[in-house]
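>
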């Protein structure tokens, strides 16, 4: 645990803290919508962390400008591609969760998941 | 010297029992041998009713919500444990981050021969100026194929949950509730939409088509077009959009895009794996019609993303196109 | 005489039994003839095989790696197989009569005959895997017999029965795994198969596994902590309780314990270790516990079931002495107790069949109305008590000789337990006999006027068993020699 | 490069394309397409399996013109082809078994969506089995999760929606951790391809430079996948999800979906991290302890259950505990036992779910134990199938359960401190299994006069032809696994040999 | 010559068995009692069987030699008959007493009913007793010991009342418990002795006995307690006081007189013919045995002293008198042994007489309690005179036989170097003799001198059938006191062999 490297990697530290916030929200919040918000925080923190992996000081985005094709000119393109894919995943998952929440709300008129399951047990469905 | 006690109390003393055993009148073992069998367990009606009532009371006790909310120790315990778990998780991550390779340093293990080849001969191999698009749609095309199918399956799931076209009655009632809150023909929104929607659409198309030349691509362009459509729907209501965007069109559009994407990519995978020369020309770098399939793929992905965005919004609002 | 006949002997009854519900019998007589013929044929085949002892083994089926279902006839197996083969036809004859007024007989006889084959399978198993497979099959096949009457407590008894059986098999499974790993071969080799090079330092682990495996297999022999299923299984029809819970199933458990102790783990490896101490303690407790519960039990079948619990632990006591003499004593008590107990159960069965009375205090004056049944019951009672001149004394004598030869403190304690339980046996058997023959001065015989002896199908097995008890009581020298010769090979 | 080597890639693409194709089709046509696709994929997997068995070593298939570290690739060995074949067969049987329920319970216009879910689920399973790249694995894990959630909620009553929500929350937690693990691994090793990562990991292991992040990555990935495959402490969503969804989705979920993640975890252990690094990292012990707890607690909660579907669901929590206990032993034999148990559990669990649905059909569709008394007489084939399933679960010889218990016991012996807890847990959980399965079997075969009550009817074998056929095939599969287990165990051993 | 041994054993057993089978048949026909001439035929049959068996036994006792092995109970141990000194003595006294009481029972049994069942078991027990006397090894003796218990139980429960059945069950279980303690000893003796056949002086294998001495001592002590149960020794004596009041008088006479002596015979065989006297001499077993016997002697007479029921009083007296014999045996010295043997003979005949007299009182005037008996002398002088002579013999007044045996016992106690018991034994014997006087003589005193206001009552003595056996038994009980030499000579010959 060397503090100097942590100071140098502060953006990753921030993304980890964001990830933890999102994770605890998803775990602890009673309200479903807040859980989904927590989920999105977690995903964005993930993609921040991933994007940081590719960053190299003093280099520009990997679009070939005026024929220059040397490695020193551009940053690492792979994390960028992965982030793109990740974003699409989190969009679709959030959409699914939101539609589930809508259906639950229409049926039980509450967003607290524990209450929903006690109601179900009571009905003995 | 010993007090004289009555006959009955004497009979109960231990010495009397010993005397009995000694003189042999009574044997502690023999009489127990021939016990009668016990009667079977029977429960009177009253007891049974009382037991039923108690059970019902207990059930209500368990399922009464207010009391559950304030279940005191268990909730707090759960909360404390979770908070502790998150804290130690954060500290674990921070420790891990402190050991990670320094940010932005060129010598990081991530900058090995893989990105080097992408950058150095990405242009020659894929024909795409934007190396990231080249990587997504050509080098690691299988992921992106999976990606678009994630979108597709998410839409299917949402359709399962929210689509109402099954029963007409519910659809009308949903429609009524939908338009109840929206003001009819909100003038400000309509005029702004009239001015803004065309440039959005054009810009979206530009981004999709320019995917392999500069930043942009199917995903971002599709998102822009989707947003434009949603604005248009908000402004002019469902009658206008139904003219050109109905469930059938969406269905066929989505299938067309995905089908073409899948076939194109499987052609290139098949030719690559079997080392057959693929006949698709890469074209001159920088020109619109360059970099082989990437353009077509970008268009397909754009269509899929736009359609998905619009479907999500429509489903959330009305459950029908 | 090749060993294929072993497989025939095992599979024929299973097949014959399975076909019973499907064969369209003209009437009940034809079914009886079919079943009795099948069982007799198997018995004859068995005795022919026993007579000329085929040495080589017969592999029925090889299903995984070195695991295979294979049969081989050796000393211990032939004793148990001989016992089962002798008793089964007589028990089937008896159950024809008994099952006349019980319901759906076809299913009953189906499982009853299949159990015969499976018990022979256990007896003739060559290695521990085959024995384990047939052991599990036995628990499952006997389950429908236990819940045959389908009353509420029959179902509950069946449920307890199956929990104990499968639980025992689960713990026995650990022993099986150990033997497969640490043993040189999975076959039964007199003197044990464990190769000590592999075991090396962790002896205690092997001993702990042996204790678990012993308790696993002897749950079927109703050892003390797990003996409550046997009296509960008394709810089944008498041929089941008599044959299965006094002879086949419980003896299969004892037989499995013998095999595991002497032929897998090896007696001299286990002698003198703490494992022997633990197991001996459980056995001695069962001997006394079984009898004390029997004395207090007023239901006749449950009383005999508790007495079986205690007598089975006599057999286990012999096994646990870990000496060849101990094994001989165990085998002798296994055989003699089978004869004595099955005749006692059949007498009780006859009483229940004729009069439907099940409790001891309802038996006043039956001695005069059913003299044949109660004379047999008295003889089996005396034999159980260990009166010299009958089979019980001989097996007790062999067990005690082995215990004396072992000479440890626990062995002497075992002898004391044997005698205490003999005294308690005297109490719970003689009270029935005295009540039956001397009902007392003012007892009017009109109340039991309808009671009379059952017909020949029940009396024949009883007489055969009584003759066997007296014969073994009078001249058992040759039998004890044979047993000692079998176990001396250890 | 023979044509047969393309078949794995073609099977993935066919299932993917049929997924999108059935979106434009009606319910009936989509069903037929799904059936055709599944049998085609099964046939292709069989041919690949025979080919690889013949050559005896695994080969790599480049997806696209560029070799491995740059482009994607899939790797096909004996184990992968065998698992693919087995999964296709089981899925085929599960879907066929549930045709009647699908027709009854799903709304007409949403039938084709259901078959889309099944197609894409099969595609993601195949991709998970074959892929050699971590990020592709993550993408197809996502497809797997969403399609599984789709399968759960297709029946759309209150219970399934709530179960789907719980399932999604837990799975998203799991995949979040998985992605984080992959990022850490990428950052530390620089590669996404499994074999390249392995070399980097060995360097790290030797030099000890990035040890902590590597350990954290392994921990994250294991816990993530454990959450997704419902290991003990994270199994809250499982009973509702399996208990209330339609028959074929419950069968598919319990036997295949969680097994996909487990197979990915095996690949990560073997091919990404390498076995020696795993053995001295503490992660394996955690999985062992969770596995043991799962075995016991799963069975205990199954005993308390009063609904047959939920009871069978809880029993799969216990069986997954068995598999993770196999991992926890961290020996070659342990992994082999777990893989065999994956196969045996898949076959037995789907059989149990199908027969449970057959039983409830004949008892007024109520899953309450009280109504099931005597169901064995009403629906004879379902009764026999359920008995065979429970006997296999209990470990009755000649059935698959016995062989997997034997392999577990042999793996556990001689393994230091882990041996005794494993053996005792094995014995105790067998006893507990016996308690709740035999209780049900006895209840099925106690006769009950139900002539009068409505909904209680005799169901003959030929009434629901597809389900009976599926049940018979699964019973046969169970027997093949039980009796003919020697070649299968040899195949797994050979597969593991060339797996690294 | 040796196969003759089987005759006196088999004859009564076979006749008894036939009676039982015929009993089962006629139970089937009608429940009414047997007619007059049937009873007569039964009496004749039983009488001739008794006489024949006695004649054969006495012939064997007189001239019998050699041994007979039947079948093998256990490998290496046959059912083995052998005629030796102690066997002769016991067989002789068994058959004399048994026949006399049998004849008495002919007239007594109509009072009880179910004669056929009684006489059937009566004969079977007689055969088993003869076999027990002549048994040659410990296992055979144990076999007939258990058979005797099982077959004598029906004698006790003859009248079928609930107490009778409970008393017989108690008798059965106490003797079973005793038998099993004996069996426990038998196992250990089998392990440590060269052979189980009785040889005077014991067959203990010296180095084996030295090796596991403690367990062997425990075993022998268990045998003493076990077989002592039948002889009414302290821990297992409780069945005697319950069994006697309910049993018919001839049965209780036989029970306390003859069967108690079977217990003594068993103890004698184990101590002197298997374990060997010098093994036990000086060991804690001997001291414990002596204390138990003396305790029983004293307790028995003390309880008898206070007991109102006449037959129970006699039962307590049996408990104390038989313990005299066991005390003699426990001293392990030749004279004490002779005293014990003498007392066995005399006590058997005395106790039979006393019980038969009690039977007469019950049959004639239905009196069971002692305080009802005042003035009985006026009504039945003859019976009471026999009672008086027998009680004098029991107390040990010089001219009668009791004095001789008590004298030898006291002599033996003083002679044997047993420390404190040397003098304590005779003192207790003396005190108990006084107590015996205390509980027997008042009956005679009150019988003959009931006091002034007793109405004179006509003299009708016991019927002939009962009076003659009582007279015969009194004669045998009292006369040896006068001419003891032949008996003492015979017994001293046995004693020399044993020590």
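Chains as they are written, first to last, in the working numbering: chain A, 1 to 125; chain B, 1001 to 1321; chain C, 2001 to 2490; chain D, 3001 to 3500; chain E, 4001 to 4499.
All residues carry an ideal CB built from backbone N, CA and C; glycine is no exception.
Remember, predicted model here, so these are calculated numbers, not experimental data.
Helix, strand or coil, according to DSSP, for residue 3133 of chain D in the structure here?
Of the three classes helix, strand and coil, the one that applies to residue 3133 of chain D here is strand, per DSSP.
> Is the shortest distance between the beta-carbon of residue 1056 of chain B and the beta-carbons of chain A less than 8 Å?
False, the Cβ-Cβ gap to chain A never drops below 8 Å.
> Reducing DSSP to helix, strand and coil, say where residue 3511 of chain D ends up.
Residue coverage of chain D in this structure runs from 3001 to 3500, which leaves residue 3511 of chain D outside it and unanswerable.
> Going along chain F in order, which residues have a C-beta closer than 9 Å to the C-beta of residue 3264 of chain D?
Looking at the structure shown, chain F is missing, and the protein chains on hand are A, B, C, D and E.
> Do the CB positions of residue 3037 of chain D and residue 3119 of chain D come within less than 8 Å of each other?
Their beta carbons are under 8 Å apart, which means residue 3037 of chain D touches residue 3119 of chain D by this criterion.
> Rounded to whole angstroms, what is the Cα-Cα separation between residue 2177 of chain C and residue 2186 of chain C?
So the alpha carbons of these two residues sit roughly 10 Å apart.
> Which class does residue 4484 of chain E belong to by DSSP, given the choice of helix, strand or coil?
In this structure, residue 4484 of chain E counts as coil in the three-state DSSP scheme.
> For residue 2101 of chain C, does the three-state DSSP call read helix, strand or coil?
DSSP places residue 2101 of chain C in helix when its eight states are reduced to three.
> Against chain D, does residue 115 of chain A count as a neighbour if the rule is that its beta carbon must be under 8 Å from one of theirs?
No, residue 115 of chain A lies away from the interface with chain D (no Cβ there is under 8 Å from its Cβ).
> Measuring CA to CA, which of C:2367, C:2350, C:2444 and C:2446 is closest to residue 2455 of chain C?
Closest option to residue 2455 of chain C, Cα to Cα, is C:2350.
> Assess contact between the region 2415-2428 of chain C and the region 2385-2393 of chain C, defined as three or more Cβ pairs (one per stretch) separated by less than 8 Å. Is contact present?
Short answer: they touch.
> Output the boundary residues of the beta strand (DSSP E) element that contains residue 3063 of chain D.
3059-3063 is the extent of the beta strand (DSSP E) around residue 3063 of chain D.
> Enumerate in chain order the residues of its own chain whose CB-to-CB distance from residue 3317 of chain D is below 7 Å, with the five nearest sequence positions on each side excluded.
Here the set comprises 3230, 3232, 3235, 3238, 3294 and 3298.
> Does the region 3490-3497 of chain D come into contact with the region 2071-2091 of chain C, if we say contact requires no fewer than three beta-carbon pairs (one atom in each stretch) closer than 8 Å?
The answer is no - the region 2071-2091 of chain C does not touch the region 3490-3497 of chain D, with fewer than three Cβ pairs under 8 Å.
> Would residue 2371 of chain C be called buried (16 or more neighbouring beta carbons within 10 Å of its own) or exposed?
Looking at its Cβ environment, which holds 16 or more other Cβ atoms inside 10 Å, residue 2371 of chain C is buried.
> Buried or exposed: where does residue 2293 of chain C fall if 16 or more other Cβ atoms within 10 Å of its Cβ makes it buried?
That one is buried.
> Looking at chain D, is there any beta carbon in it that lies within less than 8 Å of the beta carbon of residue 96 of chain A?
By this cut-off, residue 96 of chain A is an interface position.
> At 3 residues or longer, what runs of the beta strand (DSSP E) sit wholly inside the region 3244-3309 of chain D?
Counting whole runs of 3 or more residues, the region 3244-3309 of chain D contains no beta strand (DSSP E) stretch at all.
> Do you know whose CA, among C:2237, C:2050, C:2204 and C:2246, lies nearest residue 2220 of chain C's CA?
With distances taken between Cα atoms, residue 2220 of chain C lies closest to C:2246.
> Using a 10 Å radius around the Cβ and a threshold of 16 neighbouring Cβ atoms, would you call residue 3016 of chain D buried or exposed?
Buried is the call here.
> Using a Cβ-based criterion (distance less than 7 Å to any ligand heavy atom), does residue 4044 of chain E qualify as near the ligand NAD?
The ligand NAD is not part of the structure shown, which contains no ligands of any sort.
> Which same chain residues, not among the five before or five after residue 4234 of chain E, have their C-beta less than 6 Å away from its C-beta?
If we look at residue 4234 of chain E and ignore the five residues flanking it on each side, its Cβ neighbours are 4292, 4295 and 4296.
> Using the Cβ count rule (16 or more neighbours within 10 Å means buried), how would you classify residue 3345 of chain D?
Buried, by the Cβ-count rule.
> Figure out for me which residue from C:2210, C:2479 and C:2148 has the closest Cα to the Cα of residue 2333 of chain C.
For residue 2333 of chain C, the nearest C-alpha among the options comes from C:2479.
> Going by DSSP, what residue range makes up the beta strand (DSSP E) through residue 3072 of chain D?
3072-3076 is the extent of the beta strand (DSSP E) around residue 3072 of chain D.
> Would residue 2098 of chain C and residue 2353 of chain C qualify as a contact pair, given that the criterion is a beta-carbon distance under 8 Å?
Closer than 8 Å, so yes.
> Report the option in B:1258, B:1044 and B:1124 whose CA atom is closest to the CA atom of residue 1292 of chain B.
Residue B:1124 is the option with its Cα nearest to residue 1292 of chain B.
> For a quick check, are the C-beta atoms of residue 4498 of chain E and residue 4238 of chain E less than 8 Å apart?
Against a cut-off of 8 Å, the Cβ pair of residue 4238 of chain E and residue 4498 of chain E comes out as no contact.
> Just curious, the alpha helix (DSSP H) that residue 4454 of chain E is in, first and last residue?
Unbroken run through residue 4454 of chain E: none, as it is neither H nor E.
> Does any CB atom of chain A fall closer than 8 Å to the CB of residue 1284 of chain B?
No, residue 1284 of chain B does not count as interfacial toward chain A.
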